[in-house]
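Below you'll find the structure, written out as structure tokens, and then a few comments.
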Amino acid sequence: MNIKPLADRVLILPAPAEEKTIGGIIIPDTAKEKPLKGEVIAAGNGTKDEEMVLKVGDQVLYGKYAGTEIELDSTKYLIMRQSDVLAVLG
Numbered sequence: 187m188n189i190k191p192l193a194d195r196v197l198i199l200p201a202p203a204e205e206k207t208i209g210g211i212i213i214p215d216t217a218k219e220k221p222l223k224g225e226v227i228a229a230g231n232g233t234k235d236e237e238m239v240l241k242v243g244d245q246v247l248y249g250k251y252a253g254t255e256i257e258l259d260s261t262k263y264l265i266m267r268q269s270d271v272l273a274v275l276g
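Using the numbering used here, the first residue of the sequence shown is number 187, and each one after it goes up by one.
As structure tokens, then:
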């Protein structure tokens, strides 16, 4: 994969959704909550007004409806603005 986000955008690999069962019933993928954390895979250079503070490898939290989902090499990623990221984990 060779993708470079532009300006203040980052490419995030979402953490896998947790598998849950309720009394032996497996919840289908469509009913699972989307994960709200992931890893920064690629980052732009920022803009003249906003410096890029995120870097590749950062574990981040983001909003439920943040970003645009894209699929590359049969893997789903999110691309979003740096300002859509809520926090960097540890």
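Think of the CB as a built atom: it goes at the ideal place given N, C-alpha and C, for glycine as much as any other residue. Note that the structure is predicted; figures quoted are calculated from it, not measured.
Spatial distance of residue i from residue j (CA atoms)
| i | j | result |
| --- | --- | --- |
| Gly243 | Ile211 | 35 Å |
| Val246 | Ser260 | 22 Å |
| Ser269 | Val239 | 10 Å |
| Asp194 | Gly209 | 45 Å |
| Lys241 | Ile227 | 8 Å |
| Ala229 | Leu197 | 6 Å |
| Leu258 | Ile189 | 9 Å |
Residue i Cβ short of 8 Å to the ligand MN heavy atom set
| i | result |
| --- | --- |
| Ile265 | No copy of the ligand MN appears in this structure; indeed no ligand is present at all. |
Spatial neighbours of residue i in its chain, beta-carbon cut-off 6 Å, leaving aside the 5 residues before and after
| i | result |
| --- | --- |
| Gly232 | Asp194 and Met238 |
Residues that residue i bridges to, as DSSP identifies them
| i | result |
| --- | --- |
| Tyr248 | Val271 |
| Met266 | Val196 |
Residue i, DSSP secondary structure in three states
| i | result |
| --- | --- |
| Lys190 | coil |
| Lys223 | strand |
Sequence-distant residues of its chain with Cβ nearer than 8 Å to residue i (five each side left out)
| i | result |
| --- | --- |
| Tyr263 | Leu197, Ile198, Leu199, Pro200, Ile227, Glu255, Ile256 and Glu257 |
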